[in-house]
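Enquirer: Those protein sequences? They're chains A and B, same order as listed.
Be aware that the first sequence starts at 180, since it is given in the working numbering, and climbs by one per residue.
Be aware that the second sequence starts at 5, since it is given in the working numbering, and climbs by one per residue.
Even glycine gets a Cβ: it sits at the ideal position worked out from N, Cα and C.
Before I ask anything, here is the structure I am working with.
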Amino acid sequence: MARVLVQLKLRLVLNALRSSTAARTSFILSTFFAVVVAAGVFFVLSLFRGSSASVDLTTVIFTAFALGWLVLPIFAFGLDGTLDPATLALYPLRTRPLAVGLLAASATGAWPAANLIGLLGVLVGLASGPLGLLVAVIAVVLQVLFCITLARLVTTSMARLLRSRRGKDLGVFLFIPIFALIELLGQVIPNAAAHGGITAAAFAGVDAWMRWLPPGLAAHAIQDASHGRPGAALARLALLAAVIIVLGWLWVRSLSRALVTADTSTGSSQLRGAALPLARYGLRGAVAARFWIYQRREPTSLVYWAMTAVIMVVVSASTILGPHQHPAVVIGSAATGAIFVGYFHANSVGLTGPPFVIEALALTSRRSLRAYFSGQNIALGVIAVPLLTAISLGLAFAVRNPAQAVPAIAVALAGLGAALGLANILTVTLAYPMARRTGSPMRQAAPGYGSYTFGGILASLAGVGVAVTPVILAAAFTSTAPAAVRAPVLIICSAAYGLALAWAGVQIAAREAGARLPELCQIAVQSTA
Amino acid sequence: MGEIAIEVRGLRKSFGAKEAVAGVDLEIAAGSLAGLVGPNGAGKTTSLSMMTGLLRPDAGQVVINGLDVWADPVAAKAVIGVVPAEARLFERLSGAEMLEYAGRLRGLPAAEVRSRAGQLLDVLDLAADAKRLVADYSTGMRKKAALGCALIHNPPVLFLDEPLEGVDPISADVIRRLLTRLTGSGSTVLFSSHVMELVEQVCDHVSIIDQGKLVATGTTAQVRGGKTLQRAFIDLVGPRASDEEVLSWLGSSSS
Numbered sequence: 180m181a182r183v184l185v186q187l188k189l190r191l192v193l194n195a196l197r198s199s200t201a202a203r204t205s206f207i208l209s210t211f212f213a214v215v216v217a218a219g220v221f222f223v224l225s226l227f228r229g230s231s232a233s234v235d236l237t238t239v240i241f242t243a244f245a246l247g248w249l250v251l252p253i254f255a256f257g258l259d260g261t262l263d264p265a266t267l268a269l270y271p272l273r274t275r276p277l278a279v280g281l282l283a284a285s286a287t288g289a290w291p292a293a294n295l296i297g298l299l300g301v302l303v304g305l306a307s308g309p310l311g312l313l314v315a316v317i318a319v320v321l322q323v324l325f326c327i328t329l330a331r332l333v334t335t336s337m338a339r340l341l342r343s344r345r346g347k348d349l350g351v352f353l354f355i356p357i358f359a360l361i362e363l364l365g366q367v368i369p370n371a372a373a374h375g376g377i378t379a380a381a382f383a384g385v386d387a388w389m390r391w392l393p394p395g396l397a398a399h400a401i402q403d404a405s406h407g408r409p410g411a412a413l414a415r416l417a418l419l420a421a422v423i424i425v426l427g428w429l430w431v432r433s434l435s436r437a438l439v440t441a442d443t444s445t446g447s448s449q450l451r452g453a454a455l456p457l458a459r460y461g462l463r464g465a466v467a468a469r470f471w472i473y474q475r476r477e478p479t480s481l482v483y484w485a486m487t488a489v490i491m492v493v494v495s496a497s498t499i500l501g502p503h504q505h506p507a508v509v510i511g512s513a514a515t516g517a518i519f520v521g522y523f524h525a526n527s528v529g530l531t532g533p534p535f536v537i538e539a540l541a542l543t544s545r546r547s548l549r550a551y552f553s554g555q556n557i558a559l560g561v562i563a564v565p566l567l568t569a570i571s572l573g574l575a576f577a578v579r580n581p582a583q584a585v586p587a588i589a590v591a592l593a594g595l596g597a598a599l600g601l602a603n604i605l606t607v608t609l610a611y612p613m614a615r616r617t618g619s620p621m622r623q624a625a626p627g628y629g630s631y632t633f634g635g636i637l638a639s640l641a642g643v644g645v646a647v648t649p650v651i652l653a654a655a656f657t658s659t660a661p662a663a664v665r666a667p668v669l670i671i672c673s674a675a676y677g678l679a680l681a682w683a684g685v686q687i688a689a690r691e692a693g694a695r696l697p698e699l700c701q702i703a704v705q706s707t708a
Numbered sequence: 005m006g007e008i009a010i011e012v013r014g015l016r017k018s019f020g021a022k023e024a025v026a027g028v029d030l031e032i033a034a035g036s037l038a039g040l041v042g043p044n045g046a047g048k049t050t051s052l053s054m055m056t057g058l059l060r061p062d063a064g065q066v067v068i069n070g071l072d073v074w075a076d077p078v079a080a081k082a083v084i085g086v087v088p089a090e091a092r093l094f095e096r097l098s099g100a101e102m103l104e105y106a107g108r109l110r111g112l113p114a115a116e117v118r119s120r121a122g123q124l125l126d127v128l129d130l131a132a133d134a135k136r137l138v139a140d141y142s143t144g145m146r147k148k149a150a151l152g153c154a155l156i157h158n159p160p161v162l163f164l165d166e167p168l169e170g171v172d173p174i175s176a177d178v179i180r181r182l183l184t185r186l187t188g189s190g191s192t193v194l195f196s197s198h199v200m201e202l203v204e205q206v207c208d209h210v211s212i213i214d215q216g217k218l219v220a221t222g223t224t225a226q227v228r229g230g231k232t233l234q235r236a237f238i239d240l241v242g243p244r245a246s247d248e249e250v251l252s253w254l255g256s257s258s259s
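Set out below in structure tokens:
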């Protein structure tokens with residue numbers, strides 16, 4: 180069984196190589212990154228040699244790897260055909276050999292190999308003496324085995340959920356903290372490193388509780404063996420092995436249950452109100468209501484709003500965290516927020532996907548198309564205006580210059596108008612199908628349409644940039660005017676200017692869309708909902 | 005034949021080198037319940053998409069109730085209802101919200117839409133699931149919801165692509181009766197299907213399409229020519245491959 184499943188895994192990998200250029204490129208890139216990670220982790224771990232905090236840092240890295248194995252299957256479900264027990268449920272297989280086979284299949288591939296090779300960096304960084312080296316090899320193998328068993332247990336016990344709508348939603352929502360973490364770390368780490376805040380010694384003691392987790396047991400066993408405490412090392416390894424056995428036992432149990440459990444959705448709850456809001460406001464109201472509901476219920480939409488907020492904060496992060504204050508950066512944050520609101524909604528037909536056909540059947544006149552685009556803008560504006568205003572205000576306080584909130588809000592309002600109007604035009608002129616690629620929770624441009632995404636962001640950047648320039652100039656020229664007069668005039672004028680831009684966008688988009696509805700329908704149909 | 009409700013002339017569509025629809029001519033009388041049958045990939049969905057203004061044809065004309073779909077799409081779309089093959093619904097709306105949205109897109113007053121949506125959900129046996137998200141509906145439930153969306157504005161001409169696929173027998177019977185009632189009141193229905201028994205049972209007009217061309221069209225009795233529709237269909241389209249000799253091992257008790 181192990182051989183068959185390992186062969187299956189290798190066959191899946193080979194098929195990826197033989198299929199489309201996109202799949203081949205992604206496979207080659209993934210292998211390349213695996214090699215980089217293996218070499219990088221090996222190098223980093225070997226650097227800890229002689230450091231006072233080497234065991235602490237090794238523990239952190241071991242734990243980070245385990246965490247990666249824990250989270251990745253939630254994203255990658257469907258990427259690896261051997262991950263889902265349901266695909267094997269039809270065959271007459273006994274649980275135990277199946278478990279061994281699945282484990283072997285898990286250990287096959289570039290990433291498990293990269294994991295093993297990278298962690299062997301402890302042979303240089305942490306281990307010393309023949310016993311230390313021997314224990315290090317055993318500890319690394321056990322650590323990798325722990326990671327694989329943990330990942331398998333998570334995937335198998337969550338398989339039913341991950342196949343369901345809610346599981347897929349969960350995968351999308353996980354995108355938010357990971358995106359925020361990456362963006363903020365990108366700002367925080369260079370900042371801290373620049374001020375000498377990051378040294379190996381600063382990590383001493385961070386593993387106070389991590390040392391008792393299985394990855395910590397592996398790291399500390401290596402240190403114990405290297406420092407002449409073979410008894411303690413053996414006890415830690417035995418404990419780690421016991422944890423792996425328990426996880427394995429739980430996994431086999433969960434596997435035998437998963438093979439005979441109905442593959443149904445997790446049951447769905449009833450919504451409270453069934454009526455569509457804004458009933459009195461005709462087609463515009465109906466479209467606004469539909470878009471408004473989607474902003475709340477569609478995970479991708481929620482992720483887009485969260486990403487907009489994170490990006491706005493990140494633009495100002497260096498000023499908030501660093502010693503140098505550039506309060507005008509808040510205006511940059513506001514403009515960036517508007518740019519991303521525009522970019523995220525610049526392909527509304529592709530985002531709506533196949534159901535756009537229902538809308539297209541009713542969008543019969545220029546008037547109805549105007550109502551469609553303005554309804555959409557109303558729903559997005561209802562969220563974007565308070566969101567961008569609140570973040571601009573918060574950032575102005577965070578940079579200790581509340582007065583900057585006024586030009587920032589003015590830029591946000593004008594920028595949003597431009598962004599939404601431009602998004603309407605781009606929806607018609609630069610529409611492209613969206614597809615959900617295996618392994619990615621978020622929908623992306625379908626293969627071959629990557630340049631359209633780039634065009635969308637470029638157009639949004641240029642359009643909003645040009646549109647907010649007069650507002651920034653007006654704010655600069657009036658900076659000495661009394662705040663009580665300047666603030667309301669600047670904000671009201673910018674809001675009116677933004678509304679005019681959005682209105683112009685709606686007009687142009689409605690005129691262009693009339694002739695292109697069948698083509699837009701085809702793009703919608705090619706998209707994944 | 006009475007007044008013509010659906011008139012198709014010289015309809016063509018190619019995707020690259022493949023000619024999906026190679027010159028379809030079709031006339032369906034008003035009040036008719038017409039079936040369009042054909043093997044997989046014969047061009048049924050492509051033809052229906054072009055007839056409903058959702059796919060631009062390379063050539064040809066489609067006239068519905070006297071309105072040219074491609075010359076005057078505004079007026080033509082107002083008189084049709086469409087149930088596509090893959091129910092294209094808003095997954096994050098509830099069934100009730102979905103029907104209400106479809107009605108309001110068609111310009112019906114809010115109160116009227118709400119009352120019609122309630123009745124349709126009732127008849128289609130979706131009332132208990134009206135407040136659940138469409139994303140959690142089964143294939144058959146989606147099909148019924150899509151039919152509700154297509155019917156809510158009481159269209160004089162209804163197009164359905166595989167309307168009974170995945171629908172349970174009781175709901176299928178309800179849909180059958182609904183369609184018969186609709187045509188009884190003067191509306192016209194054109195639907196595509198693989199299920200010959202159904203087409204034979206309910207349709208008064210049948211067209212058989214194969215490799216993008218109509219190979220037979222007329223009243224059900226004319227197309228059947230004294231045989232069952234299934235037999236007539238197989239005789240016209242022809243079996244795809246002889247499988248008896250190749251799979252000689254199939255059915256024996258040895259493995």
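I'd like to know whether the C-beta of Glu169/B is nearer than 8 angstroms to at least one C-beta of chain A.
Expert: No - not a single Cβ of chain A is within 8 angstroms of the one on Glu169/B.
Enquirer: Please go through the stretch 578-663 of chain A and give each complete alpha helix (DSSP H) segment of 4 or more residues, from N-terminal end onward.
Expert: If we require 4 residues or more, the alpha helix (DSSP H) runs fully inside the stretch 578-663 of chain A come out as 584-608 and 629-656.
Enquirer: Determine contact between the stretch 566-575 of chain A and the stretch 484-499 of chain A, defined as no fewer than three beta-carbon pairs at a distance below 8 angstroms.
Expert: Yes, since at least three Cβ pairs between the stretch 566-575 of chain A and the stretch 484-499 of chain A fall closer than 8 angstroms, the two stretches touch.
Enquirer: Taking 8 angstroms as the limit between beta carbons, can you name the residues of its chain near Ala666/A, skipping five residues before and five after?
Expert: Same-chain partners within the cutoff: Val585.
Enquirer: Within 10 angstroms of the Cβ of Val351/A, are there 16 or more other Cβ atoms? Answer buried if so, exposed if not.
Expert: Buried.
Enquirer: In terms of residues, what are the limits of the beta strand (DSSP E) holding Ile156/B?
Expert: Looking at the DSSP string, Ile156/B is not in any beta strand (DSSP E), and its letter there is neither H nor E.
Enquirer: My output table needs one value for His399/A: the three-state DSSP class, helix, strand or coil.
Expert: In the structure shown, His399/A sits in a helix (DSSP, three-state: H, G or I).
Enquirer: Is the beta carbon of Trp139/A less than 8 angstroms from the beta carbon of Cys326/A?
Expert: The structure shown does not extend to residue 139/A, since chain A is modelled only from 180 to 708, so the question has no answer here.
Enquirer: By a C-beta neighbour count over all protein chains shown, 10 Å radius and 16 as the cutoff for buried, is Ile537/A buried or exposed?
Expert: Looking at its Cβ environment, which holds 16 or more other Cβ atoms inside 10 Å, Ile537/A is buried.
Enquirer: Could you work out which residues of chain B lie near Ser544/A, taking near to mean beta carbons separated by less than 8 angstroms?
Expert: Simply Val78.
Enquirer: Out of curiosity, what's the CA-to-CA distance linking Val647/A and Ala525/A?
Expert: When rounded, the distance between both Cα atoms is 18 angstroms.
Enquirer: Any heavy atom of the ligand NAP closer than 7 angstroms to the Cβ of Thr187/B?
Expert: Judged by which ligands are present, the structure shown has none, so any question about the ligand NAP falls away.
Enquirer: So with Cβ pairs under 8 angstroms, would you call Cys672/A a contact of chain B?
Expert: Cβ-Cβ to chain B under 8 angstroms: no for Cys672/A.
Enquirer: Return yes when the Cβ of Ala587/A is within less than 8 angstroms of the Cβ of Ser512/A, no when it is not.
Expert: Yes. Within cutoff.
Enquirer: Would you say Leu37/B and Cys153/B are within 8 angstroms of each other, going by their C-beta atoms?
Expert: Result no, Cβ atoms of Leu37/B and Cys153/B do not sit closer than 8 angstroms.
Enquirer: Quick one: what's got a C-beta closer than 7 angstroms to Leu696/A's C-beta in the same chain, skipping five residues either side?
Expert: Taken in chain order, the residues that qualify are Ala539 and Leu542.
Enquirer: Out of Ala24/B, Arg118/B, Glu166/B and Pro61/B, which one is the CA nearest neighbour of Val12/B?
Expert: Residue Pro61/B is the option with its Cα nearest to Val12/B.
Enquirer: Residues in its own chain within less than 6 angstroms of Ala245/A by CB, not counting five upstream and five downstream?
Expert: Taken in chain order, the residues that qualify are Cys326 and Pro394.
Enquirer: Considering Thr221/B, what are the terminal residues of the beta strand (DSSP E) in which it resides?
Expert: Per DSSP, Thr221/B belongs to the beta strand (DSSP E) from Lys217 to Thr223.
Enquirer: Chain B partners of Ala541/A, CB-CB under 7 angstroms?
Expert: Under the 7 angstroms cutoff, chain B gives Leu109 and Arg110.
Enquirer: Can you tell me where the beta strand (DSSP E) with Lys17/B in it begins and where it stops?
Expert: First-last of the beta strand (DSSP E) with Lys17/B: Ile8 to Phe19.
Enquirer: I'd like to know if Ser119/B contacts chain A, where contact means its C-beta is closer than 8 angstroms to some C-beta of that chain.
Expert: No, its Cβ sits nowhere closer than 8 angstroms to a Cβ of chain A.
Enquirer: Would you mind telling me which residues of chain B sit closer than 7 angstroms to Gln449/A, beta carbon to beta carbon, in chain order?
Expert: Those are Lys135 and Arg136, listed as they occur along chain B.
Enquirer: Per DSSP, Gln65/B forms a beta bridge with which residues?
Expert: Bridge partners of Gln65/B: Arg13/B.
Enquirer: How would you list, in chain order, the residues of chain A whose beta-carbon sits under 7 angstroms from the beta-carbon of Val86/B?
Expert: Per Cβ cutoff of 7 angstroms: Leu540.
Enquirer: I think Lys217/B touches Gly27/B, with their Cβ atoms under 8 angstroms apart; what is that distance to the nearest whole Å?
Expert: Indeed they touch by this definition, with Cβ atoms about 6 angstroms apart.
Enquirer: Ordered along the chain, which non-local residues of its own chain (more than five positions away) have a Cβ less than 8 angstroms from that of Gln240/B?
Expert: The displayed chain sequence assigns Leu, not Gln, to residue 240/B. Only Ile212, Asp214, Val219 and Ala220 meet the Cβ criterion.
Enquirer: Looking at the unbroken alpha helix (DSSP H) that takes in Asp76/B, where does it start and where does it end?
Expert: Neither: Asp76/B is in no alpha helix (DSSP H) and is coded neither H nor E.
Enquirer: One question on the structure: do Pro626/A and Gly529/A come within less than 8 angstroms of each other, judged by their Cβ atoms?
Expert: The answer is no: Cβ separation not under 8 angstroms.
Enquirer: Are the Cβ atoms of Val210/B and Leu183/B separated by less than 8 angstroms?
Expert: Contact flag unset, no.
Enquirer: Which residues of the stretch 473-499 of chain A have a Cβ closer than 8 angstroms to any Cβ of chain B? Give them in chain order.
Expert: Listed by position along the chain: Tyr473, Arg476 and Glu477.
Enquirer: Below 9 angstroms on C-beta distance, what does Leu58/B contact in chain A?
Expert: The contacting residues are Val536, Ala539, Leu540, Leu696, Pro697, Cys700, Gln701 and Val704.
Enquirer: Taking the continuous beta strand (DSSP E) assigned at Asp214/B, which residues delimit it?
Expert: His209 to Asp214 is the span of the beta strand (DSSP E), which, as asked, contains Asp214/B.
Enquirer: For the structure I just gave you, are there three or more beta carbon pairs, one from the stretch 160-170 of chain B and one from the stretch 117-125 of chain B, closer than 8 angstroms?
Expert: At 8 angstroms Cβ cutoff, the stretches do not touch.
Enquirer: So with CB distances below 9 angstroms, who are the chain A contacts of Ser211/B?
Expert: The contacting residues do not exist; Ser211/B stays about 23 angstroms from chain A at best.
Enquirer: Run through DSSP, which three-state label would Glu31/B get?
Expert: Strand, per DSSP.
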